[in-house]
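Participant: This is the structure I want to talk about, given as structure tokens.
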Amino acid sequence: MEKAVFHNHLCNDLIPFWNKMKDNENGGFYGYADQNGTADKSSVKGAILNSRILWFYSEAYRLLNESELLEMATHAYDFLADYCFDSRYGGVFWSVNADGSPYDDTKHTYNQAFAIYALSAYYQASGRKNALTLAYSLYHTIEDKCRDADGYLEAFNREFSPVSNDKLSENGVMAERTMNTLLHVLEAYTELYKADSFSEVGNSIKEIMRLFKEKVYNYDKKICDVFFDINYKSLIDLESYGHDIEASWLIDRGCAVLGDADCHNEMLPIINDLAEGAYLNGIDNEYKAMNNERENDSINRTKVWWVQAESVTGFYNAYQNNPAKTEYLHIAEQIWEYITNHVIDKNSGEWFENIEADNTVKPDQALVHAWKCPYHNGRMCIEMIKRL
0 MEKAVFHNHL CNDLIPFWNK MKDNENGGFY GYADQNGTAD KSSVKGAILN SRILWFYSEA
60 YRLLNESELL EMATHAYDFL ADYCFDSRYG GVFWSVNADG SPYDDTKHTY NQAFAIYALS
120 AYYQASGRKN ALTLAYSLYH TIEDKCRDAD GYLEAFNREF SPVSNDKLSE NGVMAERTMN
180 TLLHVLEAYT ELYKADSFSE VGNSIKEIMR LFKEKVYNYD KKICDVFFDI NYKSLIDLES
240 YGHDIEASWL IDRGCAVLGD ADCHNEMLPI INDLAEGAYL NGIDNEYKAM NNERENDSIN
300 RTKVWWVQAE SVTGFYNAYQ NNPAKTEYLH IAEQIWEYIT NHVIDKNSGE WFENIEADNT
360 VKPDQALVHA WKCPYHNGRM CIEMIKRL
């Protein structure tokens with residue numbers, strides 16, 4: 000793998016594609032584009048999508064130092080700040096209409112976390128204190144309204160009364176706690192701590208590490224369980240390969256940003272085992288790409304775009320931690336080759352969302368929607384440019 004290849008993909012494919020999604024009339028970015036990259040200008044705009052776009056342009060600017068990227072980040076920031084925040088009850092809406100009026104006023108911890116992540120990155124890119132102020136307002140919202148004594152909760156109505164967690168529950172279960180939300184609260188707090196080094200946020204990071212160690216990580220299977228009831232009882236035998244390799248490097252990064260050697264030493268066995276488990280159990284040996292997940296004894300061999308992106312970063316991170324394990328380097332290289340040959344849409348420069356188990360691409364897959372964003376693949380490029 001060469002640094003220039005990731006640089007070229009970021010600059011010549013991903014950034015130009017997402018530049019076309021800018022909504023100059025209503026602000027923010029279009030919430031949907033079809034398989035041809037044609038935007039639906041009337042589509043609902045998810046706050047998660049807008050936050051991830053804000054993060055993407057902020058980090059791309061910090062890497063490339065091109066003023067146009069900061070301008071795009073500011074465009075995303077203005078929309079998030081002006082339309083996605085609830086001035087009455089606090090927090091960030093799940094989604095808004097094309098014109099910025101509220102569409103789905105659900106308040107989800109996962110959503111608040113991604114706004115913190117984006118605002119913290121934008122503050123570091125722009126130096127605008129109001130972005131940091133908004134990030135801290137959401138930090139306190141999560142800590143005051145989105146958790147109990149045992150950890151973080153999931154979904155709430157506009158007034159922050161708990162509601163069913165249908166937005167982040169899958170596989171036939173309805174979870175009261177999820178590994179996914181906890182992981183991205185960790186990611187958000189890591190970026191906030193990196194931006195400002197506030198000790199209270201550092202303590203929250205340590206608490207999340209404890210929850211991973213004591214509640215989420217399954218020592219027998221060497222995986223993170225995914226869906227839980229309120230008492231952290233796992234609801235399903237599910238191994239999410241993408242989340243495990245993503246957790247491996249995000250936990251590692253959290254420890255590094257925190258700068259706590261004791262915390263890192265405690266978490267290192269989990270960091271290493273998650274990467275090893277994903278490598279041993281998740282790789283499709285025929286295509287040299289990462290399968291989606293295992294539920295009970297059934298493996299879902301769909302190649303999901305974000306799973307491939309996190310696998311390149313995660314396995315390269317595992318190789319950096321364990322240079323003798325060259326198999327991690329080789330699989331990162333092979334997955335990137337698979338992405339290049341099969342996942343990147345040669346017409347648009349963006350990625351197909353799913354490749355079927357037989358390695359075919361179903362037609363009519365949207366290139367942009369509430370969950371389809373430049374966060375995973377853009378981050379992979381940014382991380383690999385920094386690391387190589």
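With numbering that gives the first Met the number 0 applied, the sequence shown covers 0 to 387. Using N, Cα and C, we set each Cβ at its ideal position, and we do this for glycine too. Here the structure is a predicted model, which is why all the values come from computation and not from measurement.
1. Determine the closest residue to Asp33 out of Val367, Val256, Ser347, with distance taken between C-alpha atoms.
2. Nearest-angstrom Cα distance between Lys40 and Ala97?
3. What would DSSP say about Asn353, mapped onto helix, strand or coil?
4. Classify Gly27: buried if its beta carbon has 16 or more other beta carbons within 10 angstroms, exposed otherwise.
5. So for Met0, helix, strand or coil by DSSP?
6. Quick check: what's the CA-CA separation for Lys232 versus Ile270?
7. When the Cα atoms are used, what is the spatial distance from Leu273 to Leu137?
8. Just confirm the distance between the C-beta atoms of Tyr318 and Ala331, as a whole number of angstroms; I'd bet it's less than 8 angstroms.
9. Once you ignore the five residues that flank Pro362 on each side, which residues in its own chain have a CB closer than 8 angstroms to its CB?
10. For a quick check, are the C-beta atoms of Arg146 and Tyr88 less than 8 angstroms apart?
11. With distances taken between CB atoms, is the gap from Leu48 to Gly30 smaller than 8 angstroms?
12. Can you list, in chain order, the residues of its chain with a C-beta nearer than 6 angstroms to that of Phe113? Leave out the 5 residues immediately preceding and following it.
13. Quick one: complete alpha helix (DSSP H) runs, 4+ long, within the segment 112 to 160?
14. Can you tell me whether Ser14 is buried or exposed? The criterion is at least 16 other CB atoms within 10 Å of its CB, across all chains shown.
15. Look at Tyr109 and Trp54 and say whether their C-beta atoms are less than 8 angstroms apart.
16. Which runs of the beta strand (DSSP E) fall wholly inside the segment 213 to 298 and span at least 3 residues, in chain order?
17. Which whole-angstrom value is the C-beta distance of Ala72 and Tyr56, which I expect to be below 8 angstroms?
18. Within this structure, are the beta carbons of Tyr327 and Tyr278 separated by less than 8 angstroms?
19. Count the other CB atoms within 10 Å of the CB of Leu387; is the residue buried (16 or more) or exposed (fewer)?
20. Work out the CA separation of Ile235 and Met178 for me, nearest whole Å.
21. In chain order, what residues of the same chain lie with their CB nearer than 6 angstroms to the CB of Phe351, ignoring the 5 residues before and after it?
22. Does DSSP put Arg300 in a helix, in a strand, or in coil?
23. Check each candidate in Tyr188, His375, Lys220, Ala38 and name the one with the smallest Cα separation from Leu237.
24. Which partner residues does Gly313 have in the DSSP bridge list?
25. From the DSSP secondary-structure annotation, give me the bridge partner or partners of Arg51.
26. Give me the DSSP bridge partner(s) of Ala38.
27. Can you look up Thr108 in the DSSP assignment and give me helix, strand or coil?
28. With respect to the beta strand (DSSP E) encompassing Asp103, which residues constitute its N-terminal and C-terminal limits?
29. Under the assumption that Ser131 contacts Ala194 (Cβ atoms under 8 angstroms), give the Cβ distance between them as a whole number of angstroms.
30. Straight-line CA distance for Thr105 to Ala369?
31. Leu182 and Ala246: beta carbons closer than 8 angstroms?
32. Might you give, ordered along the chain, the residues of its own chain that have their beta carbon closer than 8 angstroms to the beta carbon of Glu292, omitting 5 neighbours on each side?
33. Look at Thr140 and Gly90 and say whether their C-beta atoms are less than 8 angstroms apart.
34. Which of helix, strand or coil does DSSP assign to Thr359?
35. DSSP state of Phe78, grouped into three classes?
36. Quick one: what does DSSP say Ser94 is sitting in, helix, strand or coil?
Facilitator: Considering the structure as presented:
1. Walking along the sequence shown from the start, residue 33 turns up at place 34. Nearest option by C-alpha distance: Val367.
2. In the sequence shown, residue 40 corresponds to position 41, counting from 1. In the sequence shown, residue 97 corresponds to position 98, counting from 1. Computed Cα separation, rounded: 7 angstroms.
3. Taking the sequence shown and counting its residues from 1, one reaches residue 353 at position 354. Three-state result, Asn353: strand.
4. Walking along the sequence shown from the start, residue 27 turns up at place 28. Counting Cβ neighbours within 10 Å, Gly27 comes out buried, since at least 16 surround it.
5. For the purposes of this step, residue 0 is taken as the residue at position 1 of the sequence shown. It is coil, neither helix nor strand.
6. For the purposes of this step, residue 232 is identified with residue 233 of the sequence shown, where counting begins at 1. For the purposes of this step, residue 270 is identified with residue 271 of the sequence shown, where counting begins at 1. Those two C-alpha atoms are separated by around 22 angstroms.
7. Position 274 of the sequence shown holds residue 273. Position 138 of the sequence shown holds residue 137. Spanning the two alpha carbons is a distance of roughly 30 angstroms.
8. Translated into the one-based positions of the sequence shown, residue 318 becomes position 319. Translated into the one-based positions of the sequence shown, residue 331 becomes position 332. Indeed they touch by this definition, with Cβ atoms about 7 angstroms apart.
9. By 1-based counting over the sequence shown, the position of residue 362 is 363. Answer for Pro362: Gln34, listed in chain order.
10. Looking up residue 146 in the sequence shown gives position 147. Looking up residue 88 in the sequence shown gives position 89. Their beta carbons are not under 8 angstroms apart, which means Arg146 does not touch Tyr88 by this criterion.
11. Position 49 of the sequence shown, counted from the start, is the residue given in the question as residue 48. Position 31 of the sequence shown, counted from the start, is the residue given in the question as residue 30. A contact, by the Cβ cut-off of 8 angstroms.
12. Translated into the one-based positions of the sequence shown, residue 113 becomes position 114. Excluding positions up to five away in sequence, the list reads Ile47, Ser50.
13. 128 to 144
14. Taking the sequence shown and counting its residues from 1, one reaches residue 14 at position 15. A small correction: the amino acid at residue 14 is Ile; Ser does not occupy that position in the sequence shown. By the neighbour-count rule (16 or more Cβ atoms within 10 Å), Ile14 is buried.
15. Translated into the one-based positions of the sequence shown, residue 109 becomes position 110. Translated into the one-based positions of the sequence shown, residue 54 becomes position 55. The answer is no: Cβ separation not under 8 angstroms.
16. For the segment 213 to 298, whole beta strand (DSSP E) runs of length 3 or above, ordered along the chain, are 237 to 239, 292 to 294.
17. Locating residue 72 in the sequence shown gives position 73, where the first residue counts as 1. Locating residue 56 in the sequence shown gives position 57, where the first residue counts as 1. That pair is a contact at about 4 angstroms.
18. Sequence index remark: in the sequence shown, residue 327 carries index 328 (1-based). Sequence index remark: in the sequence shown, residue 278 carries index 279 (1-based). Yes, Cβ-Cβ distance for Tyr327 and Tyr278 is below 8 angstroms.
19. Numbered from 1 along the sequence shown, position 388 holds the residue referred to as residue 387. Label assigned to Leu387: exposed.
20. Along the sequence shown, read from residue 1 onward, the residue named residue 178 stands at position 179. Along the sequence shown, read from residue 1 onward, the residue named residue 235 stands at position 236. In a straight line, the C-alpha of Met178 is about 12 angstroms away from that of Ile235.
21. Numbered from 1 along the sequence shown, position 352 holds the residue referred to as residue 351. Hits under 6 angstroms: Val342, Asp344, Val360, Gln364.
22. The residue labelled residue 300 in the question sits at position 301 within the sequence shown. Three-state result, Arg300: coil.
23. Residue mapping note: residue 237 aligns to position 238 of the sequence shown, counting from 1. Closest option to Leu237, Cα to Cα, is Lys220.
24. Along the sequence shown, one-based indexing puts residue 313 at 314. DSSP lists no bridge partner for Gly313.
25. Sequence index remark: in the sequence shown, residue 51 carries index 52 (1-based). Its beta-bridge partners do not exist; DSSP assigns none.
26. In the sequence shown, counting from the first residue as 1, residue 38 sits at position 39. According to DSSP, Ala38 bridges with Ala32.
27. What you label residue 108 is simply residue 109 of the sequence shown in a count that begins at 1. It is helical.
28. The residue given as residue 103 occupies position 104 in the sequence shown. Taken as a continuous stretch (DSSP letters only), the beta strand (DSSP E) holding Asp103 covers 101 to 103.
29. Numbered from its first residue, the sequence shown carries residue 131 at position 132. Numbered from its first residue, the sequence shown carries residue 194 at position 195. Just to set this straight, residue 131 is Leu in the shown sequence, not Ser. Yes, they are in contact, since the Cβ atoms of Leu131 and Ala194 sit about 6 angstroms apart, within 8 angstroms.
30. Numbered from its first residue, the sequence shown carries residue 105 at position 106. Numbered from its first residue, the sequence shown carries residue 369 at position 370. Cα-Cα distance, rounded: 14 angstroms.
31. One-based indexing of the sequence shown puts residue 182 at position 183. One-based indexing of the sequence shown puts residue 246 at position 247. Their beta carbons are under 8 angstroms apart, which means Leu182 touches Ala246 by this criterion.
32. Indexing the sequence shown from 1 puts residue 292 at position 293. Taken in chain order, the residues that qualify are Leu237, Glu238, Ser239, Tyr240, Gly241, Ile298, Asn299.
33. Locating residue 140 in the sequence shown gives position 141, counting from the first residue. Locating residue 90 in the sequence shown gives position 91, counting from the first residue. Yes.
34. Mapped onto the sequence shown, residue 359 falls at position 360. Reduced to three states, the DSSP call for Thr359 is coil.
35. In the sequence shown, the residue the question calls residue 78 occupies position 79. Reduced to three states, the DSSP call for Phe78 is helix.
36. The count along the sequence shown starts at 1 and reaches residue 94 at position 95. Reduced to three states, the DSSP call for Ser94 is strand.
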